[in-house]
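Per my numbering, residue -19 is the first one in the sequence shown, and the count goes up by one each step. For each residue, glycine too, the CB sits at the ideal point set by N, CA and C. For clarity, every value in this text was computed on a predicted model and none was experimentally measured.
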Amino acid sequence: MHSLLLYLIQNFVILALLYLLFMAAFRHTTFYRYNRYFLIIALLVSAIVPLLPFPAFNTGGVIPLAALNNTNVETPTNINIASGTPATTSTGSINYQMFLLGAYAAVAVILLLRFFFQVRKITKLGQTGNIITKGTLKYVQIKGLPAPFTFMSKIYFDPEAHDPSTLEYILNHETTHAEENHTTDLLIASVYCCLFWINPFGILIRKAMQLNLEYLADRKASALAESSSGYQMSLLSFAVNLPVSSLIQPYGQSFIKNRIVMLNKKPSSAMQRWRYALIVPALVLGCTLVAASTTPNSASSLTLEQGKNDSTIYKRFIGDHDGYARFVSRHTRYPRVNYNNKIVGLVKVAYTLQPDGTVTDIEVLKTPENGEALGAEVKRMVSEFTFTPDPQSKPHKTIQSVLFQLIKADGTVLGGSVKEEDKTSPFAVVIGYTKN
């Protein structure tokens, strides 16, 4: 859940940057084709860049174990002294996170189903009319159609609803949409809005994309028209009460004022193309923000030092890095025999994470002297790990290190030092409290 939330935040920030750049620098230019490519790339970049392995900015220091007695340590409510019964498992946080994840996925699935239903409805409509094929394009004549529109290579219109001159304007406009595959842009934007439904900039980008595609079609259709003013009047005649879908380009759909303004706008000078160089610093800023936001999380008060980060383990664990730390702290008990005899020290356990999410080949590599029970406890805890399946992955072997410590009433720490070569990630500390 933490990974998904971070990804969505990074996605939001990058798309917001690119949208604001478009509105500030590109929207009022007549470089419609460049703008078309920019808007598509903006969606793809915002979805892909947060997935790239940028090096994180590590601004935090490591808390040395030797200084543990000077830090605020969690109360021992989550440290269990083994008594022959399994430790109590706190699953409220995990269940809450899974609920939110499920809710987000459910909304995305509902929107995708609605999207596919709309596509199916439009494609079925194309089977009901009289079809005239010209090259790669198909003109579908449907009586009573509210407004002409284009979907993929099919142009839908009612030939009896328009006079010959208006019909010529319409077909020139819609033919441009079909020939230049404008529907593909809208399909990409619609799927994006379904998957990233929580990001309002996705909807704003899609609206900007629809308007820019209209500019492209208007420019070509107006150039083919005998009278530019006649073409503009035909747009006005379609401007009222049109049913508009986000998947189609109805002739004369909304944005009429913008379209007429841009039709009469003087073409932007070639010198203004320098504006597109602003994309580079915008992308650099976006990547920098992504790297900054992926700063390694402070694990928890039980994770005081860590070595090289095992990202595979954290990414596939239910709850990510923080969830992993919480799981270790809540599921590990301090064996009574070791607690009573004040046995402290480091336990290292190796295990293999399989593609199906199961844990195999659990092996105790190291325990303190007379600390076999500590090793057995960590081995038991590791066997309860829950990972998400990843059929495309390979078996991944890692080492879980757990340092068992005791803190006496006077603040003295027993078991407070770890050799540098023994530090591994994941790394956790289990603390017990004793009066003497």
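Measuring C-alpha to C-alpha distances from K200 to each of E160, Y14, K237 and L184 identifies E160 as the nearest. With respect to V393, T312 sits apart: the two C-beta atoms are not nearer than 7 Å. At a Cβ-Cβ threshold of 7 Å, T347 and G355 count as neighbours. When the Cα atoms are used, K322 and G351 turn out to be separated by approximately 10 Å. Shown here for D390: not one same chain residue has a beta carbon closer than 7 Å to its own, the five before and five after excluded.
Each of L125, A262 and R296 was checked against the Cα of E140, and the nearest Cα belongs to L125. For a cut-off of 8 Å, the C-beta gap from A27 to Y256 is around 21 Å, too long to register as a contact. A check of alpha carbon separations from G337 across V329, K377 and V327 identifies K377 as the nearest.
Contact between the stretch 85 to 95 and the stretch -13 to 2 is not established, with fewer than three Cβ pairs separated by less than 8 Å.
Partner residues in the beta bridge of E343, as assigned by DSSP, are A330.
Counting the other Cβ atoms within 10 Å of the Cβ of D165 gives 16 or more, which makes it buried.
Counting only residues of its own chain and dropping the five nearest sequence neighbours on each side, H142 has a CB closer than 7 Å to the CB of I150. Closest by C-alpha distance to M361, out of K388, K374, V329 and F11, is V329. Annotation for T108: I122 place their beta carbon closer than 7 Å to its own, counting only its chain and skipping 5 residues before and after. If you draw a 10 Å sphere on the C-beta of Y17, you find fewer than 16 other C-beta atoms in it, and that means exposed. Per the DSSP secondary-structure output, K134 pairs in a beta bridge with K118 and F131. Membership of I298 in any beta strand (DSSP E) is not indicated, and neither H nor E is assigned to it by DSSP.
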